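Peer 1:
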Amino acid sequence: MHSVGHIAENCSSEQRLCYNCRQPGHESSACPSPRTVSAKQCYSCGGVGHIQGQTCNLD
Numbered sequence: 001m002h003s004v005g006h007i008a009e010n011c012s013s014e015q016r017l018c019y020n021c022r023q024p025g026h027e028s029s030a031c032p033s034p035r036t037v038s039a040k041q042c043y044s045c046g047g048v049g050h051i052q053g054q055t056c057n058l059d
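Here the sequence shown is numbered in full-length UniProt numbering, starting from 1 and rising by one per residue.
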């Protein structure tokens, strides 16, 4: 099971998820999907679908 709430560097999963599309098998720098924030995790609140400074209520 993949969970949010930590950065890739601290991920204990054997197969990390791409930060852009949240799919396993590649990192965001090699992501075949268009860049979007819909699957990204906010570093301020931990929510998914926005990034820090964009629509986060904690900024």
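Idealized CB from N, CA, C, for every residue including glycine. In this text, all values refer to a predicted model and were calculated from it rather than measured experimentally.
On a CA-only basis, which of Ser29, Gln15, Tyr43, Gly49 is nearest valine 37? Give me that one, please.
Peer 2: Gly49
Peer 1: My understanding is that cysteine 18 touches cysteine 31, with C-beta atoms under 8 Å, so please give their C-beta distance in whole angstroms.
Peer 2: 5 Å
Peer 1: Who are the Cβ neighbours of isoleucine 51 in its own chain at under 7 Å, not counting the five residues just before and after it?
Peer 2: Val37, Lys40, Cys42
Peer 1: In whole angstroms, what is the alpha-carbon distance linking methionine 1 and arginine 35?
Peer 2: For methionine 1, the predicted structure reports a pLDDT of 47, less than 50, and the residue's modelled location is therefore unreliable. The matter cannot be settled from this model.
Peer 1: Roughly how many angstroms lie between the CA atoms of asparagine 10 and serine 28, to the nearest whole one?
Peer 2: 16 Å
Peer 1: What three-state label does DSSP hand methionine 1 in the structure shown?
Peer 2: In this predicted model, methionine 1 has a pLDDT of only 47, less than 50, meaning its place in the structure is not dependable; the value taken from the coordinates is given anyway. It is coil, neither helix nor strand.
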